[in-house]
Structure formats: C-alpha cells, structure tokens
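Numbering (the numbering used here), first residue to last: 1 to 56.
Cβ atoms here follow ideal geometry from the backbone N, Cα and C, with glycine treated the same way.
If you want it as structure tokens, here you go:
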C-alpha cells in the first residue's frame, strides 16, 4: 500500500503489516500510518483483492 504525505511517501505491505519503503516520512508519522494499517488490515486487504480482480 502506497501512502503520500506532505513530507514524502512510504509503502507498507498489508499481510503481514510492515514498512517496505520510506522516502522522507518522519518516524512518528510512520508509526501512525502503521497503526491505521493494522486497524484496517482486513478492509484494506479486501479492497486490494477487489480492485485487482477487476483488472483482469
């Protein structure tokens, strides 16, 4: 999952939740994003598969 902030951008893997890449996003913001990804992990995973199943 790609996230853009005013400071930069980062990428998180959804399952398992972990930071894949960070370009300029401060550590506190990374922790906030990580908490949100954990909280909405099932929802995000469902939307991921829903989106890519329509791409075929």
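Problem - Any 3 or more C-beta pairs closer than 8 Å across the segment 19 to 26 and the segment 46 to 53 - result: Touching, no, given that fewer than three Cβ pairs across the two stretches are closer than 8 Å.
Handout entry: residue 7 versus residue 30 - alpha carbon distance
Key = Position 7 of the chain shown, counting from 1, holds the residue named residue 7. Position 30 of the chain shown, counting from 1, holds the residue named residue 30. Taking C-alpha positions only, residue 7 is separated from residue 30 by approximately 11 Å.
Exercise for the section: Can you tell me which of 5, 4, 12 puts its alpha carbon nearest to the alpha carbon of residue 35? Expected result: One-based indexing of the chain shown puts residue 35 at position 35. Considering only alpha carbons, the answer is 12.
Practice task
Verify whether the separation of the beta carbon atoms of residue 15 and residue 32 is less than 8 Å.
Solution key: Indexing the chain shown from 1 puts residue 15 at position 15. Indexing the chain shown from 1 puts residue 32 at position 32. Taking 8 Å as the Cβ cut-off, residue 15 and residue 32 do not qualify as a contacting pair.
Exercise for the section: Could you work out which residue in 55, 17, 4 is closest to residue 39 when comparing CA atoms only? Expected result: The count along the chain shown starts at 1 and reaches residue 39 at position 39. Per the Cα distances, 17.
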